[in-house]
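Residue numbers (my numbering): 1 to 119.
Below, the structure is given as structure tokens:
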């Protein structure tokens, strides 16, 4: 899956939280200082070109909506990181988390129990 820039990810976050939006609605979701309307419009059109959003014509304007869900993007991004930095080894990811003390052995055991109970 294609990686989003920080600005694109921010705009996608608005779609994922709020649903379909007009560019003017997206602009209202920003805190001050707000970006220019044309800047937001350019980001949204770029997202559409890359297949992340679609649009519905409403008179002379467009209402945009997410085509890629947050969950699908998250999964694709995670797969990309694991592929790029861990040679497609999910075990390597878990080992790294344990080594970096980001997950404890007890948490790992609880995760194993959770997976075993789920099957």
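Where is the CB? At the ideal position from N, CA and C, for every residue including glycine.
Since the structure is predicted, the reported quantities are computational estimates derived from the model, not experimental observations.
Alpha-carbon spacing of residue i relative to residue j, whole angstroms
i: residue 76; j: residue 1; result: 5 Å
i: residue 29; j: residue 74; result: 22 Å
i: residue 109; j: residue 71; result: 25 Å
i: residue 102; j: residue 117; result: 24 Å
i: residue 56; j: residue 31; result: 26 Å
Beta-carbon separation (whole angstroms), residue i vs residue j, contact threshold 8 Å
i: residue 53; j: residue 67; result: 6 Å
Cβ neighbours of residue i in the same chain (closer than 8 Å, five flanking residues each side left out)
i: residue 88; result: 82
i: residue 46; result: 8
Chain-order list of residues whose beta-carbon lies under 7 Å from that of residue i (same chain, five-residue window excluded)
i: residue 92; result: 86
Buried or exposed by the 16-neighbour rule on C-beta atoms within 10 Å, applied to residue i
i: residue 44; result: buried
i: residue 64; result: buried
### Message
What ranges does the alpha helix (DSSP H) occupy inside the region 77-118, keeping only unbroken runs of at least 4 residues that lie completely in it?
### Response
Runs of the alpha helix (DSSP H) inside the region 77-118: 90-99 and 105-118.
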